[in-house]
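Student: If you scroll down you'll find the structure; I have some questions about it.
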Amino acid sequence: MNNIALQIEQFISMSSKSLKSFLSTDKKNIVILAYYPTYRKQFGSLILKLKEKYNVISVVDRILNDEFERSAHHNLLFPWRVIENGQTYYLDADIEGIDLILTADEVGYNDGKIDREFLSKSAKRMYFPHSLLEATGVKDYYDYIVVPSSVAMQTYEKNLKDSKVKLLPCGYPKLDLSIENYSYKSENIISFAPTLRFFDASKYSNLNLISGVESNLIEWLLENTKYKILIHAHPVSFQNKHNFYELIKAKFKDSDRVCFDENLGGDYFNRSDFLITDISTTAFTYSFSTLRPSFFYKHYEFKNEIEKYIDKITPNGISDSFEVLRQGIERIDFKIMQEKIKSFREEVIYNVGSSSEFIVNQIDAILQGEI
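Using full-length UniProt numbering, you'd call the opening residue of the sequence shown number 1 and step up by one each time.
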């Protein structure tokens with residue numbers, strides 16, 4: 001065993017000991033597991049509500065000193081992998097006494113073993129999707145999936161029809177907290193929130209294509225509107241400093257009408273008159289939170305189930321040119337859009353405004369062996 005492997009074994013031993021010391025002997029123990037920092041906001045106010053009944057421990061892959069780490073009774077650094085000198089080491093532990101593990105992340109490595117067994121081979125596992133309408137995490141790694149909407153439920157039921165995973169029509173705690181905290185303040189801002197794109201960084205044509213198209217959109221907005229532009233990239237893009245994102249930051253760093261928001265969550269919703277994206281489902285979170293419209297500027301071919309619902313939150317469907325986008329922006333009727341978006345939200349999202357309470361009730365039943 002080399003020195004790195006030995007150090008990792010020592011770390012696993014110490015961290016396991018710490019986690020065991022956090023476990024309660026008179027309350028059920030729930031671990032909130034953040035494999036990555038990206039989706040720490042998914043739980044809304046759920047963790048605080050769970051603390052009223054259960055012993056709650058957050059486990060993270062890195063310390064950020066954020067609200068998520070402060071929300072549970074205890075917080076522990078216990079990454080699921082370590083990369084040193086180009087080699088990946090997967091950490092493993094099987095700790096007795098954990099009753100339920102909640103996560104909003106899907107790892108997928110080692111054929112799902114990490115998702116199924118990290119920290120405990122016996123604890124029940126509950127997955128929180130990071131999309132309101134898309135069925136993310138369509139795997140049988142989990143015992144339960146917290147389904148946000150009837151739209152997502154259709155896909156889960158189709159793709160997991162032969163699985164033992166229990167689908168719980170709960171809602172979306174992140175949305176509920178976003179609605180609760182929403183307080184619009186007009187600052188004459190358009191928010192641009194593109195989806196996450198994976199590409200081969202060694203192929204400069206792809207790099208130039210993505211950064212070039214997005215730069216063109218930002219330039220067009222600056223030239224053809226009087227709005228300021230807030231750019232909120234996918235968290236993975238700014239956390240990992242994706243090259244195309246860094247190029248855009250460098251290009252517009254001196255513009256007094258362009259700013260970059262790299263905070264997790266949707267605080268920028270409060271400042272936005274409307275949102276523009278390519279195909280990010282953030283648009284639905286934004287519109288359902290604010291009852292304000294989103295625009296979809298399609299500059300490449302994509303196939304996505306959410307396309308059929310785009311017209312529910314935008315005035316003019318998918319904009320395939322700047323002219324179509326311009327017409328949509330100029331013709332916004334915010335009152336009509338507010339009514340339209342609210343109607344769709346109430347139609348498809350489960351337990352709007354009360355999802356955390358509903359999930360707590362479901363967890364009560366799970367821990368009592370009723371589900």
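Even for Gly, the Cβ is constructed at its ideal location relative to N, Cα and C. Remember, predicted model here, so these are calculated numbers, not experimental data.
Please work out which residues of its chain come closer than 7 angstroms, Cβ to Cβ, to K41, disregarding the five sequence neighbours upstream and downstream, and give them in chain order.
Tutor: Once the five neighbours on either side are set aside, the close Cβ partners of K41 are K174, L264 and G265.
Student: Please classify residue 374 as buried or exposed, where buried requires at least 16 other C-beta atoms within 10 Å of its C-beta.
Tutor: Residue 374 lies beyond the residue range present for the chain, which begins at 1 and ends at 371; the question has no answer from this structure.
Student: Pull up the CB-CB distance for residue 384 and C170, whole angstroms please, since I reckon it's below 8 angstroms.
Tutor: It is not possible to answer for residue 384, since the shown part of the chain is limited to 1 through 371.
Student: DSSP three-state call for T281: helix, strand or coil?
Tutor: Coil, per DSSP.
Student: Can the beta-carbon of T282 be found less than 7 angstroms from the beta-carbon of Y182?
Tutor: No, the pair does not count as a contact, with Cβ atoms beyond the cut-off.
Student: What does the Cβ neighbour count give for I4, buried or exposed, with the cut at 16 atoms within 10 Å?
Tutor: So I4 ends up on the exposed side.
Student: Among residues of its own chain, excluding the 5 on either side of residue 441, which ones have a beta-carbon nearer than 6 angstroms to its beta-carbon?
Tutor: The chain is shown only over 1 to 371; residue 441 falls outside these bounds and no answer can be derived.
Student: Using beta-carbon positions only, say whether D94 and K121 come within less than 7 angstroms of one another.
Tutor: The answer is yes: Cβ separation under 7 angstroms.
Student: Quick check: does the Cβ of L222 come within less than 6 angstroms of any heavy atom belonging to the ligand ATP?
Tutor: Inclusion of the ligand ATP in the displayed structure is not the case, the ligand content being empty and no account of it being possible.
Student: Taking all protein chains shown into account, decide if A72 is buried (16 or more other Cβ within 10 angstroms of its Cβ) or exposed.
Tutor: Label assigned to A72: buried.
Student: Rounded to whole angstroms, what is the Cα-Cα separation between Q87 and R81?
Tutor: If I take the Cα positions, the gap works out to 10 angstroms.
Student: Sort out for me which residues DSSP pairs L77 with in a bridge.
Tutor: Per DSSP, V60.
Student: Helix, strand or coil for Y204 per DSSP?
Tutor: Because Y204 sits at a pLDDT of 46, beneath the cut-off of 50, its placement in the model cannot be relied upon, and the following sentence gives the value as read from the coordinates. If DSSP states are grouped into helix, strand and coil, Y204 belongs with the helices.
Student: Assuming contact is defined by CB atoms lying nearer than 7 angstroms, are I329 and R271 in contact in what I supplied?
Tutor: Cβ distance not < 7 angstroms, so I329 and R271 don't count as in contact.
Student: Could you tell me which whole beta strand (DSSP E) segments of length 3 or greater appear in the stretch 130-168?
Tutor: Segments of the beta strand (DSSP E) lying fully in the stretch 130-168: 144-147.
Student: Label I336 either buried or exposed according to how many other C-beta atoms from any shown protein chain fall within 10 Å of its C-beta, with 16 as the threshold for buried.
Tutor: When all chains shown are included, I336 counts as exposed.
Student: Could you check how far apart the C-beta atoms of L132 and L33 are, in whole angstroms? I think they sit under 8 angstroms.
Tutor: In fact, because the Cβ distance is near 22 angstroms, the residues do not count as touching under 8 angstroms.
Student: In this structure, what does DSSP give as the bridge partners for Q87?
Tutor: Paired residues: E84.
Student: Have a look at V352 and M153 and give me their C-alpha separation to the nearest angstrom.
Tutor: Cα-Cα distance, rounded: 16 angstroms.
Student: Cβ of D91 within 7 angstroms of Cβ of I218?
Tutor: It should be noted that the sequence gives Leu, not Asp, for residue 91. No.
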